[in-house]
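**Q**
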Amino acid sequence: MTLNSALQLQNLCGNVQEARKFFDSMPLQDSVSWTIMVSAYAQGGHIEQAKNLFESLPWKSLACENAMLQAYSLNGDLENAKLVFDRMTKRDVVSWTTMIGAYAQNGYAFDAKSLFDRFERKNIISWTAMVHAYSQNKSFDLAREMFERMPQHDVFSWNILLSAYAHNGHLESAKIAFERMPSRDVVAWNSIIAFFSQKGKLEEAKELFHLMPEPNTAAWNVMIQANAQAWHLDVAKGLFDQMPSRDVISWTTLMNSYADMSNLDGCQESAMDVFRLMDLHGVSPDSVTYIAIFDACSRIANAEEGSAFIASIVHPGILQDSVVVGNAALTMYGRSGLAAGAWSVFQQMPVRDSVSWNAMLTAFARNGHGEAALDVFLAMELEGLVPDIITFVNVLSACSHAGLLHRARGYFHSISRDYGLTPIYDHYVCLTDLLARSGRLVEAEELVNSMPFEPNYEAWMALLGACRSHGDVRRGNRAAGFFVQADVDAESPYILLSHLYAEAGSKDDVLVIRKAMRRKTKLDQSPVILGGLDR
72 MTLNSALQLQ NLCGNVQEAR KFFDSMPLQD SVSWTIMVSA YAQGGHIEQA KNLFESLPWK
132 SLACENAMLQ AYSLNGDLEN AKLVFDRMTK RDVVSWTTMI GAYAQNGYAF DAKSLFDRFE
192 RKNIISWTAM VHAYSQNKSF DLAREMFERM PQHDVFSWNI LLSAYAHNGH LESAKIAFER
252 MPSRDVVAWN SIIAFFSQKG KLEEAKELFH LMPEPNTAAW NVMIQANAQA WHLDVAKGLF
312 DQMPSRDVIS WTTLMNSYAD MSNLDGCQES AMDVFRLMDL HGVSPDSVTY IAIFDACSRI
372 ANAEEGSAFI ASIVHPGILQ DSVVVGNAAL TMYGRSGLAA GAWSVFQQMP VRDSVSWNAM
432 LTAFARNGHG EAALDVFLAM ELEGLVPDII TFVNVLSACS HAGLLHRARG YFHSISRDYG
492 LTPIYDHYVC LTDLLARSGR LVEAEELVNS MPFEPNYEAW MALLGACRSH GDVRRGNRAA
552 GFFVQADVDA ESPYILLSHL YAEAGSKDDV LVIRKAMRRK TKLDQSPVIL GGLDR
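First residue of the sequence shown? That's 72 in my numbering, and the numbers climb one at a time after it.
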């Protein structure tokens, strides 16, 4: 075995670090060695290392330039891909097709076409890239025209055409193209079945599935998901049981099917049972599996049962592997009202992103731990993370729960002053609610009337509730005006108003409200006199 072959073997084994050690130990590195090492970094997603190695090359071979071009292309870095392509003194078919494909993958159809027209040695790959480019750009007619102009087709180009039809909603045309295919691979079968199932054409998908010579695991998974989405859970479970072999996607799909049926009793528990069976069968869950089971546990009626189940499967190992899994666990604990569980997960996470911090903030804010939520916000800023719109919704909500009016005002003004963000409706509602509950009814009403949005149910309800608590009948009448004019069908505002009048001794007005509620809370369109105020 030559040294380059040994280096290539290290690369194929997927151990980039070992490949680099071997590369550095080689007494002589030729253009092949450099190309293998650049490709190893690129294929492993280590673009910076690939770039640094490429730029340190004592000479630039065509193979190495193509490797770097492909690296940038695969990672969607068009700017650097174009830079490499433009600097190449010599280009081959790989160079041209890679660059055309890069434009195509990123939706730059007309740049791809410009390059395609300059390319003298067009091959089936470059033609197919152009079909894909037009499809990505939603230029379906041009995609079809380009396909028909191709001197020859292979199964890959047919699959790209199928995808073009499907993404543009032409399912029948996709089926006709599928039937025209001289030969069909498993990708074509899976694609056409998926296209019909995703559009709710379950019967057509079933027919195609039964016609498929040897349905693979992916095809079975598509049919399980399609039936579950159509609420045919028994059929989905039956298909799962019939599968000749199952992968992690199969188990996760069935688990998700149960988890999504939140309005059916026992489905969340069934999702947990599927997870247990999966473990018994020795199938290792992936990040999607964990997210699915966390979602199921967050919806279970018995929050403690869901929490106990999660505690039994959450360990530092899975939190090390994926920040997404940690975020899902944080969200689950927050939804279940278990802020302590969320905090435990948060502390174990080795890497946290803005989603992690927001999820932790939400868990504290929505479960009555306002001060703790604000401590998390301060720690987030110290970590150098920039808060976003959602962060401030949670911060203001935390202030509202903790009754911290002064701090809430400061945070509200800092949204635009310090962070250059525009306050949204939820920010105004949080501050309105806090002002109203603090007895600052004049300021609360002024804020509602001055907000740059049409005040909605939540804002007026916050004000009306506070008016009832503080016995402010006149202002309560004005708040109730919104519900009359908007013809709101909910009972809560009328119950609040009825209590407000009763506590103020306005028995006649109480009778008017109760009569309105008996008419299914729909008040007459003509003006009603309540408390002497014509609305």
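Where is the CB? At the ideal position from N, CA and C, for every residue including glycine.
Note that the coordinates shown come from a computational prediction; the quantities given were computed from them, not determined experimentally.
#1: For residue 603, I'd like the list of residues in its chain whose CB is within less than 7 Å of its CB, leaving aside the five on either flank, ordered along the chain.
#2: Where do the N-terminal and C-terminal ends of the alpha helix (DSSP H) with residue 190 fall, by residue?
#3: Are the CB atoms of residue 400 and residue 440 within a distance shorter than 9 Å?
#4: In the DSSP assignment, the alpha helix (DSSP H) including residue 360 goes from what residue to what residue?
#5: Which one of 370, 181, 164 and 163 has the shortest CA to CA distance from residue 329?
#6: Please classify residue 547: is it buried, with 16 or more other beta-carbons within 10 angstroms of its beta-carbon, or exposed?
#7: Which residues in the same chain have their Cβ closer than 7 Å to the Cβ of residue 380, if we skip the five residues on either side of it in sequence?
#8: Please check the pair residue 416 and residue 432, which I expect to be a contact at CB under 8 Å, by giving their CB distance rounded to whole angstroms.
#9: My guess is that residue 237 and residue 249 are in contact by the Cβ rule of under 8 Å, so how many angstroms apart are they, rounded?
#10: As a quick exercise: from 128, 130, 156 and 131, pick the residue whose alpha carbon is nearest that of residue 141.
#11: How about residue 242 and residue 266: do their beta carbons lie closer than 9 Å?
#12: Which complete alpha helix (DSSP H) runs does the region 159-245 hold, if anything under 4 residues is left out?
#13: Give the DSSP-derived three-state secondary structure of residue 596 in the structure shown.
#14: Whole-angstrom Cβ separation of residue 465 and residue 444, contact assumed at under 8 Å?
#15: Nearest CA to the CA of residue 295: which residue from 230, 544 and 264?
#16: Should residue 516 be labelled buried (16 or more other beta-carbon atoms within 10 Å of its own) or exposed?
#17: Just tell me which of 376, 426, 377 and 528 has its CA closest to the CA of residue 396.
#18: So, is residue 136 buried or exposed, given that buried needs 16 or more other C-beta atoms within 10 angstroms?
#19: Excluding the five sequence neighbours on either side, which residues of its own chain have a C-beta within less than 7 Å of the C-beta of residue 232, listed in chain order?
#20: What are the boundary residues of the alpha helix (DSSP H) that residue 355 is part of?
#21: With distance defined between alpha-carbon atoms, name the residue in 331, 375, 326 and 376 nearest to residue 357.
#22: Can you say whether residue 405 is buried or exposed, counting buried as having 16 or more other CB atoms within 10 angstroms of its CB?
#23: Kindly indicate the opening and closing residues of the alpha helix (DSSP H) around residue 525.
#24: Taking residue 428 as part of the alpha helix (DSSP H), name the residues at either end of that continuous run.
#25: Am I right that residue 175 and residue 223 are in contact with their C-beta atoms under 8 Å? What's the rounded C-beta distance?
#26: Report the three-state DSSP secondary structure of residue 106 (helix, strand or coil).
#27: Does DSSP put residue 341 in a helix, a strand or coil?
#28: How big is the Cα-Cα spacing for residue 504 and residue 491?
#29: As a quick exercise: from 337, 166 and 204, pick the residue whose alpha carbon is nearest that of residue 177.
#30: Take the Cβ of residue 339 as the centre, count every other Cβ of all protein chains shown within 10 Å, and call the residue buried at 16 or more, exposed below.
**A** In this structure, then:
#1: For the purposes of this step, residue 603 is identified with residue 532 of the sequence shown, where counting begins at 1. Below a pLDDT of 50, predicted positions are generally treated as unreliable, and residue 603, at 43, falls in that range; the measurement from the model is reported next regardless. Taken in chain order, the list of residues that qualify is empty.
#2: Working through the sequence shown from its first residue, we reach residue 190 at position 119. No residue range can be given for residue 190, since it is assigned to no alpha helix (DSSP H) and is classified by DSSP as neither H nor E.
#3: Start at 1 with the first residue of the sequence shown, and residue 440 comes out as number 369. Start at 1 with the first residue of the sequence shown, and residue 400 comes out as number 329. Result no, Cβ atoms of residue 440 and residue 400 do not sit closer than 9 Å.
#4: Mapped onto the sequence shown, residue 360 falls at position 289. In the DSSP annotation of this structure, the continuous segment of the alpha helix (DSSP H) that includes residue 360 starts and ends at 358-370.
#5: Taking the sequence shown and counting its residues from 1, one reaches residue 329 at position 258. Nearest C-alpha to residue 329: 370.
#6: Start at 1 with the first residue of the sequence shown, and residue 547 comes out as number 476. Residue burial is scored here from C-beta neighbours: residue 547 has at least 16 other C-beta atoms within 10 angstroms and is therefore classed as buried.
#7: Counting from one through the sequence shown, the residue named residue 380 turns up at place 309. Around residue 380: 343 and 368.
#8: The residue labelled residue 416 in the question sits at position 345 within the sequence shown. The residue labelled residue 432 in the question sits at position 361 within the sequence shown. In fact, because the Cβ distance is near 14 Å, the residues do not count as touching under 8 Å.
#9: Position 166 of the sequence shown holds residue 237. Position 178 of the sequence shown holds residue 249. The pair is not a contact, with the Cβ atoms about 10 Å apart (cut-off 8 Å).
#10: Against the sequence shown, residue 141 aligns to sequence position 70. Among 128, 130, 156 and 131, the Cα nearest to that of residue 141 belongs to 156.
#11: Numbered from 1 along the sequence shown, position 171 holds the residue referred to as residue 242. Numbered from 1 along the sequence shown, position 195 holds the residue referred to as residue 266. Residue 266 sits close to residue 242, with the two beta carbons spaced by under 9 Å.
#12: Runs found: 164-176, 180-189, 195-207, 211-220 and 226-238.
#13: Numbered from its first residue, the sequence shown carries residue 596 at position 525. For residue 596, the pLDDT reaches just 43, beneath the cut-off of 50, and the residue's location in the model is therefore unreliable, although a value from the coordinates is still provided. Residue state, collapsed to three classes: coil.
#14: Here the question's residue 465 lines up with position 394 in the sequence shown. Here the question's residue 444 lines up with position 373 in the sequence shown. Confirmed, Cβ separation roughly 7 Å.
#15: Sequence index remark: in the sequence shown, residue 295 carries index 224 (1-based). For the residues 230, 544 and 264, the minimum Cα distance to residue 295 belongs to 264.
#16: Residue 516 sits at position 445 when you count from the first residue of the sequence shown. It counts as buried.
#17: As a position in the sequence shown, residue 396 is number 325, starting the count at 1. Here the closest residue by C-alpha is 426.
#18: Counted from its first residue, the sequence shown places residue 136 at position 65. Buried, by the Cβ-count rule.
#19: For this step, residue 232 is matched to residue 161 along the sequence shown. Correct list, in chain order: 202, 218 and 248.
#20: The residue given as residue 355 occupies position 284 in the sequence shown. No alpha helix (DSSP H) contains residue 355, which DSSP labels as neither H nor E.
#21: In the sequence shown, counting from the first residue as 1, residue 357 sits at position 286. For the options 331, 375, 326 and 376, the alpha carbon positioned closest to that of residue 357 is the one of 326.
#22: Translated into the one-based positions of the sequence shown, residue 405 becomes position 334. Taking all protein chains shown into account, residue 405 has 16 or more neighbouring C-beta atoms within 10 Å of its C-beta and is therefore buried.
#23: Here residue 525 corresponds to residue number 454 of the sequence shown, with the count starting at 1. Under the DSSP assignment, residue 525 falls outside any alpha helix (DSSP H); it carries neither an H nor an E label.
#24: Residue mapping note: residue 428 aligns to position 357 of the sequence shown, counting from 1. In the DSSP assignment, residue 428 falls within the alpha helix (DSSP H) that extends over 425-436.
#25: Stepping through the sequence shown from its first residue, residue 175 is reached at position 104. Stepping through the sequence shown from its first residue, residue 223 is reached at position 152. Contact annotation, residue 175 with residue 223: C-beta distance approximately 19 Å; criterion of less than 8 Å not satisfied.
#26: Residue 106 sits at position 35 when you count from the first residue of the sequence shown. Here residue 106 carries a helix assignment [DSSP, helix/strand/coil].
#27: Counting from 1 along the sequence shown, the entry for residue 341 is found at position 270. In the structure shown, the three-state DSSP call for residue 341 is helix.
#28: Within the sequence shown, residue 504 is the residue found at index 433, counting from 1. Within the sequence shown, residue 491 is the residue found at index 420, counting from 1. Between the alpha carbons of residue 504 and residue 491 lies a gap of roughly 24 Å.
#29: Position 106 of the sequence shown holds residue 177. For residue 177, the nearest C-alpha among the options comes from 204.
#30: For the purposes of this step, residue 339 is taken as residue 268 along the sequence shown, with counting starting at 1. Per the 10 Å Cβ criterion, buried.
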